[in-house]
Amino acid sequence: MERESMEFDVVIVGAGPAGLSAAIRLAQLSHDQNQTLSVCVIEKGSEVGAHILSGALFETRALDELLPDWREMNAPIANPVSDDEFIYLTTHLNHLKVPSAMVPCTLKNSSDNHAISLGKLCSWLAQQAEQLGVEIFPGFAASKVLYDSEQRVIGVQTTDMGLDKQGEKKPTFEPGINLLAKYTVFAEGSRGHLGKSLINKYSLDKNKQPQHYALGFKELWQLPDDHPHYSKGKVLHGVGWPLSESGTTGGSFLYHLESNQVAVGLIVDLNYANPHLNPFEEFQRFKHHRAIAKYLQGGERLCFGARAITKGGIRSLPKQQFPGGLLIGCDAGTLNMGKIKGSHTAMKSGLIAAEAIFEQISAGLAHQEADYQTRFESSWLYKELASTRNFGANLHKFGEPLGGLLNVIEQNWWSRLFKTPIPWKVTDNIEDHMVLNTKEATTPINYQKPDGVLSFDRPSSLFLSGTQHEENQPCHLHVTDPNLVLDTHIPLYNEPSQRYCPAGVYEIVDVEGKRKLQINATKLFAL
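Counting with the UniProt record's numbering, you get residues 1 to 527 for the letters of the sequence shown.
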């Protein structure tokens with residue numbers, strides 16, 4: 001097929017914090033050195049920030065490096081933390097406020113951090129990038145990686161438009177474009193499909209701890225002006241119920257944003273053992289806890305979203321450089337589990353990538369790998385991730401009470417008393433899905449019907465995700481081995497995908513007396 005091609009020095013896939021930071025830094029270096037560098041960013045969302053739901057706790061460290069004058073530039077960051085609280089939900093009614101001395105220092109937040117809309121920040125970063133000459137193309141998704149004869153990445157191909165369910169051309173068909181570059185930076189976010197293919201192709205995760213994941217749910221609520229419990233800048237984190245009752249780990253948050261809005265969420269670790277567990281329903285019942293419900297009562301739910309979270313930390317972090325490209329941000333897994341923050345680390349990975357690439361191009365060595373690793377290992381990003389390398393494994397292996405205590409010892413006491421790295425190593429070498437027990441060995445979970453006030457069903461939540469999917473277009477989800485579903489997942493686990501997917505994309509249906517997995521493509525949504 002004849003395809004149009006466009007050539008750039010650098011193509012960046014994904015206009016999130018990592019990708020936009022890389023683009024801005026490349027443009028800055030180009031201007032500082034009086035070089036002409038063409039940089040292109042493609043974003044699958046209809047606009048930058050479209051796939052990022054409001055409500056994030058933001059540390060400004062990387063932004064201070066990238067744009068030191070961001071305050072004078074009217075960045076949408078003006079909601080410093082005013083109150084920081086950590087609670088342990090003991091039952092569906094009761095909770096304990098955890099004393100400050102028993103909270104890992106990495107989880108503590110001061111007025112240096114801000115509760116913000118990450119979508120607005122990305123939109124603002126995109127404006128800064130464009131003012132520096134970066135070309136940003138929203139509404140374009142990358143469908144495949146392009147390689148040369150020596151298996152070096154030379155760019156990406158965007159998705160063909162105007163195909164029907166069967167993949168046949170409709171009258172509106174337009175072939176995707178080949179975006180060619182000296183270097184291609186992949187910043188798709190957690191579990192990006194191109195990132196996964198690159199990790200497999202180049203064995204980037206060789207000799208690494210298996211990656212670990214969580215599923216995060218978030219809602220944005222509007223509270224009335226006279227709401228008695230709204231407190232601008234207040235941050236609330238929690239652990240325990242309902243996940244402790246269901247035998248798994250995770251955490252919760254509630255951030256008081258500007259304009260009487262709050263963002264509430266639950267993070268469910270995907271190494272749970274009970275196949276009957278439904279992460280969406282866990283989030284719905286979490287909101288009924290009286291320590292949380294008081295902040296939401298009288299409010300209106302505005303938006304709903306869910307996303308995968310890459311949380312294995314530095315021991316699971318794949319090699320991020322390969323011939324012709326780099327893997328950055330959550331596409332690689334730079335989130336700091338110990339802080340439950342990933343925006344500043346993603347941005348720093350973008351800065352490092354830009355500097356490594358610019359060094360090669362300016363030296364006329366674009367045919368060689370950009371040396372990300374050396375810069376990474378000498379950066380504060382590496383030190384920060386290394387300092388919390390046991391954090392997630394402690395919780396996974398020992399549970400929240402004991403694992404949490406170990407994290408307090410490591411982060412609060414050892415680091416302060418001895419000023420040296422932690423001498424012991426806690427690893428988590430069991431892949432998340434291997435923890436799952438059979439349906440016969442576990443107890444079914446009885447979830448209450450939503451009340452339509454604090455808890456809601458999937459269809460109404462999906463409506464508030466703000467995404468649209470055309471009926472007659474190809475489905476991008478493919479089941480690699482249908483027999484695995486029929487022979488193993490259904491009889492042993494009652495197919496957990498029909499519960500863990502927040503959109504209900506996967507459904508078990510009866511066809512001629514046999515059960516099969518059906519993919520409901522019209523429910524597909526990105527959050």
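Built from N, CA and C at the ideal position, the CB exists for glycine as well. Since this is a predicted model, take the numbers as computed values, not measurements.
Residue i classed as buried or exposed, judged by whether at least 16 other C-beta atoms fall within 10 angstroms
i	result
serine 259	exposed
alanine 129	buried
leucine 527	Confidence is the limiting factor: at leucine 527 the pLDDT is only 37, short of 50, which leaves the residue's position unreliable and the question unanswerable from this model.
threonine 158	buried
tryptophan 413	exposed
phenylalanine 8	buried
isoleucine 361	buried
lysine 170	exposed
methionine 434	exposed
methionine 347	buried
valine 13	buried
glutamine 209	buried
arginine 499	buried
leucine 406	buried
glutamate 512	exposed
glutamate 150	exposed
alanine 115	buried
threonine 60	buried
tryptophan 380	exposed
Whole-number beta carbon distance between residue j and residue i, since they are thought to touch under 8 Å
i	j	result
serine 54	leucine 257	7 Å
isoleucine 340	leucine 107	7 Å
leucine 351	isoleucine 309	Incorrect: roughly 22 Å between the Cβ atoms, too far for contact.
leucine 436	alanine 273	6 Å
residue 541	arginine 290	The question about residue 541 has no answer, for the chain in this structure spans 1 to 527.
lysine 516	proline 275	Their Cβ separation, rounded to whole angstroms, is 18 Å, which puts lysine 516 and proline 275 out of contact at 8 Å.
valine 10	tyrosine 183	5 Å
Beta-carbon spacing of residue i, residue j below 8 Å
i	j	result
serine 349	histidine 212	no
proline 502	phenylalanine 186	no
asparagine 390	isoleucine 422	yes
valine 153	glycine 324	yes
residue 528	phenylalanine 140	Since the first residue of the chain shown is 1 and the last is 527, residue 528 is not available in this structure.
glutamate 300	tryptophan 221	yes
isoleucine 328	alanine 18	yes
proline 104	glutamine 411	yes
threonine 249	glutamate 431	no
lysine 287	leucine 296	yes
alanine 354	alanine 22	yes
cysteine 40	leucine 179	yes
glycine 313	glycine 392	yes
valine 235	valine 81	yes
leucine 198	lysine 319	no
valine 264	leucine 243	no
leucine 125	alanine 56	no
Cross-strand partners of residue i (DSSP beta bridge)
i	result
tryptophan 221	Val262, Arg301
asparagine 113	Glu59
glycine 251	Ile267
methionine 161	Glu174
threonine 184	Val11, Gly325
alanine 370	Its beta-bridge partners do not exist; DSSP assigns none.
alanine 363	None, per the DSSP bridge assignment.
alanine 308	Leu215
alanine 142	Thr158
aspartate 510	Arg515
serine 5	Asn178
tyrosine 147	Val153
asparagine 336	Lys341
histidine 256	Val262
proline 80	His114
Extent of the continuous alpha helix (DSSP H) run through residue i
i	result
histidine 31	17 to 32
lysine 294	290 to 296
cysteine 475	Where cysteine 475 is concerned, there is no enclosing alpha helix (DSSP H), given that its DSSP letter is neither H nor E.
isoleucine 42	Per DSSP, isoleucine 42 belongs to no alpha helix (DSSP H); it is in the beta strand (DSSP E), 39 to 43.
arginine 458	458 to 463
lysine 408	Correcting the residue type first, residue 408 is valine in the shown sequence and not lysine. Where valine 408 is concerned, the enclosing alpha helix (DSSP H) stretches over 391 to 408.
glycine 195	193 to 201
arginine 416	415 to 418
glutamate 282	279 to 286
alanine 386	380 to 387
serine 190	From DSSP, serine 190 is part of no alpha helix (DSSP H); its letter is neither H nor E.
Start and end residues, beta strand (DSSP E) containing residue i
i	result
threonine 172	169 to 174
lysine 97	95 to 97
phenylalanine 137	135 to 138
histidine 237	234 to 240
cysteine 122	From DSSP, cysteine 122 is part of no beta strand (DSSP E) but of the alpha helix (DSSP H) over 118 to 131.
leucine 89	83 to 89
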